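In what follows, a single structure is set out as structure tokens and then discussed.
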């Protein structure tokens, strides 16, 4: 990713000292590679996005910087040009989260009065997440050993189960040395929260406050963190993410890097030097991914996908990694899947760095090959691989690296459909090309106007059937698809639901005359919906909206005028010749003059990425103003 950074000011003295210190920290490794420090930076602001070993930080002046961070389990940080540089960072992520947002199995630690029968006294105090690998589950006595019925202050470290009636239920191991009970219940304060501190940047998502970031700008143009402190809230933490839950699930396994050895699951077998814990997390993600792909396409892989996942090339014996192109990809912190066929037998072999996204992407290529015989044209192959990387069970909303979303929505050079869906195999290009292919495939796979044709098209292309192409399938709907594609890019964001924003092409409309009425029910959890009214330029119309809807789950409803912040207000737009007018602010009871001829569409005012938790509907009536 290429983002031109703008740097804040640094005093001459502090800069001199920082450069001197940083130069010592770099040592000979930097010099050996011809990498030098240009200046030290003190960066503050808000986390805009989190990628693989990097943060995009939005500064107070609105400008952004890409800051690379060597993760705690890594032996180097990967620079923009693919070179690896050893530059360990001191990372601290601090914050809090609501107890209800804890995931089952996550480890918590707190102090409470406890007797040997497993009964508690008072409220659990100082509840915090036990994130360190050294945190052992169990009970530690703070004072003298109590009698059987006496209470003593204890530090409890257990696995969270649930919160019920303002009590927290946790599990502790058998043989904890204090009580025979393994399931314990503790009272909580009404405003109890869980605090946490972590040295893993995976615990940060967009919105976190960068309290401190000391970083070096290199002569390569990269910015590399040396010290990083981020404060997050329960809404800005990745602690309840899929990754966090998986790492908690496999926390009994070692996090120490291993010598290359075989790890396997039903559909995958890899030689790897990642830790036992990391290996199981990777296999879990891959099995979830292949299950989703098999369910969607209706076909399971016909053979095991094998290969190599490499954390550190230096520990691999010579001659094990035989594909020079594969090794080159690993050095560039990337991956490749070598696909081959002999008759009906199909083989897929992975060469990849230890980045989970890269592994999932390349293994999707492997799945497509062993299941269908090929990956299809480049636009489909890379688009489906990006879908496979990000698909999750039971979730239809967009969930992708925020940096990709930022590029797709902000770039002025939008790619058209035919620029993306190029027939045949073409050069893969950079990550920007992958982003466009993902956008097209996501729209086609999830928008109900086009999804029924996408799956058979993809299967036909991967099976290399003659006479089938993107244009032959979607050409008759080109104007409609181009229109919805533009809307998709305009409103794109994590949480966006293509199925809830599909255009209602079959809606019926009519002109009004005299005292005739048109009425329609408009749902809060959908995008633009047909009003039933065909408007005429310069004509005034009366609007009455009855009922209530809500833009936040569990909150009381509002009428057509919405709340004080405008959320929930009834809005309109006029559709004509595949173009939309400026948005028209309506409400519970209002008159408006149509700025042009066309068909009127309505929606509940809310962020396009937050429609899914809306509820309720309004019954909207229209008439020509007398």
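In the numbering used here, the protein residues as written are 12 to 637. Beta carbons: idealized from backbone N, C-alpha and C, even for Gly. All of these numbers come straight from a predicted model, not from anything done at the bench.
Under the assumption that residue i contacts residue j (Cβ atoms under 8 Å), give the Cβ distance between them as a whole number of angstroms.
{"i": "residue 503", "j": "residue 398", "result": "Not quite, the Cβ-Cβ distance comes to about 15 Å (not below 8 Å), so this is no contact."}
{"i": "residue 633", "j": "residue 529", "result": "5 Å"}
{"i": "residue 139", "j": "residue 205", "result": "6 Å"}
{"i": "residue 203", "j": "residue 125", "result": "The pair is not a contact, with the Cβ atoms about 17 Å apart (cut-off 8 Å)."}
{"i": "residue 484", "j": "residue 464", "result": "5 Å"}
{"i": "residue 493", "j": "residue 428", "result": "6 Å"}
Let me check understanding here. Comparing Cα to Cα, which of the options lies closest to residue i?
{"i": "residue 511", "options": "519, 499, 522", "result": "499"}
{"i": "residue 218", "options": "224, 243, 328", "result": "243"}
{"i": "residue 190", "options": "172, 272, 152", "result": "152"}
{"i": "residue 402", "options": "64, 99, 301", "result": "301"}
{"i": "residue 537", "options": "616, 50, 526", "result": "616"}
{"i": "residue 636", "options": "629, 600, 618", "result": "600"}
{"i": "residue 383", "options": "527, 331, 438, 313", "result": "313"}
{"i": "residue 148", "options": "228, 185, 208, 158", "result": "185"}
{"i": "residue 582", "options": "461, 226, 593, 387", "result": "593"}
{"i": "residue 344", "options": "118, 505, 195, 365", "result": "365"}
{"i": "residue 51", "options": "233, 539, 455", "result": "233"}
{"i": "residue 268", "options": "86, 400, 294, 518", "result": "86"}
{"i": "residue 351", "options": "386, 188, 479, 327", "result": "386"}
{"i": "residue 645", "options": "135, 433, 317", "result": "A question about residue 645 goes unanswered here, because the residues of the chain that appear run from 12 up to 637."}
{"i": "residue 239", "options": "83, 450, 119, 203", "result": "83"}
{"i": "residue 629", "options": "556, 368, 490, 588", "result": "556"}
{"i": "residue 507", "options": "469, 453, 156", "result": "453"}
{"i": "residue 47", "options": "98, 60, 587", "result": "98"}
{"i": "residue 308", "options": "619, 483, 456, 132", "result": "456"}
{"i": "residue 7", "options": "315, 551, 256", "result": "The shown model of the chain, from 12 to 637, leaves out residue 7, and the question about it has no answer."}
{"i": "residue 114", "options": "180, 49, 156, 92", "result": "180"}
{"i": "residue 279", "options": "427, 358, 489, 415", "result": "358"}
{"i": "residue 155", "options": "146, 171, 172, 127", "result": "127"}
{"i": "residue 227", "options": "491, 588, 100, 580", "result": "100"}
{"i": "residue 207", "options": "137, 349, 515, 294", "result": "137"}
So what does DSSP say about residue i, is it helix, strand or coil?
{"i": "residue 308", "result": "helix"}
{"i": "residue 322", "result": "coil"}
{"i": "residue 630", "result": "strand"}
{"i": "residue 213", "result": "helix"}
{"i": "residue 449", "result": "helix"}
{"i": "residue 128", "result": "coil"}
{"i": "residue 512", "result": "coil"}
{"i": "residue 625", "result": "coil"}
{"i": "residue 502", "result": "helix"}
{"i": "residue 536", "result": "coil"}
{"i": "residue 389", "result": "helix"}
{"i": "residue 358", "result": "strand"}
{"i": "residue 107", "result": "strand"}
{"i": "residue 40", "result": "Because residue 40 carries a pLDDT of 42, less than 50, the predicted location of this residue cannot be relied on, and no value is offered for it."}
{"i": "residue 7", "result": "The first residue shown for the chain is 12 and the last is 637, placing residue 7 beyond what the model contains."}
{"i": "residue 33", "result": "Residue confidence for residue 33 is low, a pLDDT of 40 falling below 50, so the modelled location carries little weight and cannot support an answer."}
{"i": "residue 292", "result": "helix"}
{"i": "residue 456", "result": "helix"}
{"i": "residue 341", "result": "helix"}
{"i": "residue 507", "result": "coil"}
{"i": "residue 483", "result": "helix"}
{"i": "residue 619", "result": "helix"}
Leaving aside the five residues before and after residue i along the sequence, list all residues of the same chain whose C-beta is less than 7 Å from its C-beta, in chain order.
{"i": "residue 4", "result": "Missing from the structure shown is residue 4; the chain here goes from 12 to 637 and no further."}
{"i": "residue 347", "result": "336, 337, 340, 362, 373"}
{"i": "residue 65", "result": "77, 78, 79, 80"}
{"i": "residue 640", "result": "For residue 640 there is no data in the structure shown, the boundaries of the chain being 12 and 637."}
{"i": "residue 6", "result": "An answer regarding residue 6 cannot be provided, because it is not within the stretch 12 to 637 covered by the chain."}
Grab me the residues of residue i's own chain with a C-beta within less than 6 Å of its C-beta, minus the 5 sequence neighbours each way, in chain order.
{"i": "residue 522", "result": "545"}
{"i": "residue 564", "result": "624"}
{"i": "residue 591", "result": "584"}
{"i": "residue 305", "result": "311"}
{"i": "residue 458", "result": "509, 513"}
{"i": "residue 166", "result": "122, 151"}
{"i": "residue 574", "result": "none"}
{"i": "residue 298", "result": "276"}
{"i": "residue 631", "result": "531, 533, 556"}
{"i": "residue 194", "result": "182"}
Excluding the 5 residues preceding and the 5 following residue i in the sequence, name in chain order all residues of the same chain whose CB lies nearer than 8 Å to its CB.
{"i": "residue 547", "result": "522, 605, 608"}
{"i": "residue 520", "result": "541, 542, 543, 544, 545, 610, 611"}
{"i": "residue 31", "result": "For residue 31, the predicted model reports a pLDDT of 36, less than 50, meaning its position is unreliable and no value from the coordinates is stated."}
{"i": "residue 621", "result": "506, 562"}
Are there any heavy atoms of the ligand MN lying less than 6 Å away from the beta-carbon of residue i, as far as the coordinates show?
{"i": "residue 473", "result": "This structure lacks the ligand MN; in fact it carries no ligand of any kind."}
Report yes or no: do three or more beta-carbon pairs, one from the region 283-296 and one from the region 308-324, lie closer than 8 Å? Contact between the region 283-296 and the region 308-324 is present, because at least three Cβ pairs lie under 8 Å.
Cβ pair count under 8 Å reaching 3, the region 99-116 against the region 207-216: yes
Touching or not, the region 434-445 and the region 378-393, by the rule of three or more beta carbon pairs under 8 Å? yes
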